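Undergrad: Sharing a structure, written as structure tokens. Questions coming.
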Amino acid sequence: MEYAVREGSALPEFVRDVVQADIQRYAEASGDFNPIHIDETFAATTPLKGTIAHGMLVLAYLSEMLVRAFGEAWDSTGQLSLRFRNPARPGDRLTVSGRVESAKRDGGIVCVTCAVSCANQAGEVVVSGEARVALPASL
Amino acid sequence: MPADYDSLTPGQAFPRVEYTLDAATVELYVESVGATLTGHVPPLAVAARAIASLGGLISLPPGTIHASQDFEFNRLVPVGATVTCQATVLRKLSRGPMRMLTLETIIEDEAGQPVQKGRSTIVLPGA
Numbered sequence: 000m001e002y003a004v005r006e007g008s009a010l011p012e013f014v015r016d017v018v019q020a021d022i023q024r025y026a027e028a029s030g031d032f033n034p035i036h037i038d039e040t041f042a043a044t045t046p047l048k049g050t051i052a053h054g055m056l057v058l059a060y061l062s063e064m065l066v067r068a069f070g071e072a073w074d075s076t077g078q079l080s081l082r083f084r085n086p087a088r089p090g091d092r093l094t095v096s097g098r099v100e101s102a103k104r105d106g107g108i109v110c111v112t113c114a115v116s117c118a119n120q121a122g123e124v125v126v127s128g129e130a131r132v133a134l135p136a137s138l
Numbered sequence: 000m001p002a003d004y005d006s007l008t009p010g011q012a013f014p015r016v017e018y019t020l021d022a023a024t025v026e027l028y029v030e031s032v033g034a035t036l037t038g039h040v041p042p043l044a045v046a047a048r049a050i051a052s053l054g055g056l057i058s059l060p061p062g063t064i065h066a067s068q069d070f071e072f073n074r075l076v077p078v079g080a081t082v083t084c085q086a087t088v089l090r091k092l093s094r095g096p097m098r099m100l101t102l103e104t105i106i107e108d109e110a111g112q113p114v115q116k117g118r119s120t121i122v123l124p125g126a
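Line order of the protein sequences matches chains S and G.
Each residue of the first sequence is one higher than the one before, starting from 0 at the first, in numbering that gives the first Met the number 0.
Each residue of the second sequence is one higher than the one before, starting from 0 at the first, in numbering that gives the first Met the number 0.
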């Protein structure tokens with residue numbers, strides 16, 4: 000873990016371009032073949048007017064930012080609470096960001112709470128919410 | 000036969016579903032999301048397969064999308080491990096043509112230890 004945890008500090012951003020090929024690969028890896036994600040003809044008939052990335056794919060980008068910030072502790076103690084605000088579409092460039100809201104020592108661990116979000120190139124929020132992780136106090 | 004929205008009731012628990020997180024699936028997942036390679040399965044890969052496993056239990060119409068998601072991760076899962084997922088219907092909400100469903104998923108490893116817990120709220124397209 001290279002990130003120093005301080006209240007108010009920003010987490011290292013993670014930027015990812017949304018491409019249909021990744022959405023297709025994600026469908027195969029996750030087993031989620033909902034046509035709203037992979038069938039452009041079907042998706043064009045819906046209110047969304049085109050394919051969108053899986054919500055869980057966007058969350059995977061967000062989780063990647065957190066694992067880069069907090070290492071294995073994220074994968075074994077992390078908690079997420081998120082709302083989807085706007086769809087992520089092929090062609091979007093997503094920037095995942097976060098900020099440490101609090102870091103409170105509790106015995107041998109530090110409980111870190113972060114505000115996290117993911118926005119597209121127009122600044123529209125795609126996902127936002129809160130992440131919490133327990134870190135060893137020695138870090 | 001998978002249950003449809005109208006037949007679901009809050010509190011309804013589904014039978015446990017078992018699935019294996021094999022190396023090929025994990026590699027494809029890591030490639031598609033740009034994840035960092037580690038010695039274990041990314042927790043959102045575990046969750047994604049759990050949600051997909053519900054497809055055999057609950058019939059969701061094409062165009063269903065995610066509204067909100069909570070997770071609590073408890074334990075790392077090694078590549079190749081088999082886990083079980085149990086889903087429970089927490090809430091149904093209909094408002095005009097909009098139908099929402101909140102599901103809880105509890106995932107455990109082969110020893111019965113908790114791996115993660117999730118709460119998904121999804122929006123089904125209008126009829």
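Positions of the beta carbon are idealized from the N, C-alpha and C atoms, including for glycine.
Because the structure is a prediction, the values reported are computed rather than measured.
Is the segment 125-136 of chain S in contact with the segment 72-88 of chain S, if contact means three or more CB pairs nearer than 8 Å?
TA: The segment 125-136 of chain S is in contact with the segment 72-88 of chain S.
Undergrad: Please list, in chain order, all residues of the same chain as S:G54 whose beta carbon is under 6 Å from its beta carbon, the five residues on each side excluded.
TA: Counting only Cβ-Cβ distances below 6 Å, and skipping sequence neighbours, we find F83.
Undergrad: Residues in the same chain with beta-carbon distance under 8 Å from G:H39, minus the five sequence neighbours each way, listed in chain order, please.
TA: For G:H39, where only same-chain residues beyond five positions count, the Cβ hits under 8 Å are L75, V76, P77, V78.
Undergrad: To the nearest angstrom, report how far apart G:E109 and S:T94 are at their CA atoms.
TA: The alpha-carbon atoms of G:E109 and S:T94 are separated by roughly 37 Å.
Undergrad: Taking its Cβ as the centre, do 16 or more other Cβ atoms sit within 10 Å of G:Q112, making it buried, or is it exposed?
TA: So G:Q112 counts as exposed.
Undergrad: For the pair the segment 6-23 of chain S and the segment 89-106 of chain S, tell me if three or more CB-CB distances fall below 8 Å.
TA: Yes: at least three Cβ pairs fall under 8 Å.
Undergrad: Hey, out of S:E12, S:T44, S:A20, whose CA is closest to G:A124's CA?
TA: The residue you asked about is not Ala; residue 124 of chain G is Pro in the sequence shown. The option with the nearest alpha carbon to G:P124 is S:T44.
Undergrad: Give the list of continuous alpha helix (DSSP H) stretches no shorter than 4 residues that lie fully inside the segment 24-108 of chain S.
TA: You should have 34-37, 39-43, 54-69, 71-76.
Undergrad: Any beta carbon of chain S sitting closer than 9 Å to that of G:I50?
TA: Yes, because at least one Cβ of chain S sits closer than 9 Å to the Cβ of G:I50.
Undergrad: Report yes if the CB atom of G:R48 is closer than 9 Å to the CB atom of G:L20, and no otherwise.
TA: A contact, by the Cβ cut-off of 9 Å.
Undergrad: Just curious, the beta strand (DSSP E) that G:T81 is in, first and last residue?
TA: Per DSSP, G:T81 belongs to the beta strand (DSSP E) from 81-94.
Undergrad: Could you name the residues of the same chain whose beta carbon sits closer than 6 Å to that of S:C110, not counting the 5 residues immediately before and after it, in chain order?
TA: K103, A133, listed in sequence order.
Undergrad: Quick one: grab the DSSP three-state call for S:A9.
TA: The answer is strand: DSSP assigns S:A9 an E or B state.
Undergrad: Between which two residues does the alpha helix (DSSP H) containing G:Y4 stretch?
TA: No alpha helix (DSSP H) contains G:Y4, which DSSP labels as neither H nor E.
Undergrad: With a cut-off of 9 Å, does the C-beta of S:V125 fall near any C-beta of chain G?
TA: By this cut-off, S:V125 is not an interface position.
Undergrad: Out of curiosity, what's the CA-to-CA distance linking S:G122 and G:P14?
TA: Using only the alpha carbons, I get a separation of about 42 Å.
Undergrad: Determine the DSSP secondary structure at G:P124, reduced to helix, strand or coil.
TA: In this structure, G:P124 counts as coil in the three-state DSSP scheme.
Undergrad: Please list the terminal residues of the continuous beta strand (DSSP E) segment that includes G:A34.
TA: Here G:A34 belongs to no beta strand (DSSP E), and DSSP marks it neither H nor E.
Undergrad: Of the residues that make up the segment 38-51 of chain S, which ones have a beta carbon closer than 7 Å to any beta carbon in chain G?
TA: Here the close residues are F41, T45.
Undergrad: Taking buried to mean at least 16 other C-beta atoms within 10 Å of its own C-beta, is S:Q120 buried or exposed?
TA: Classification for S:Q120: exposed.
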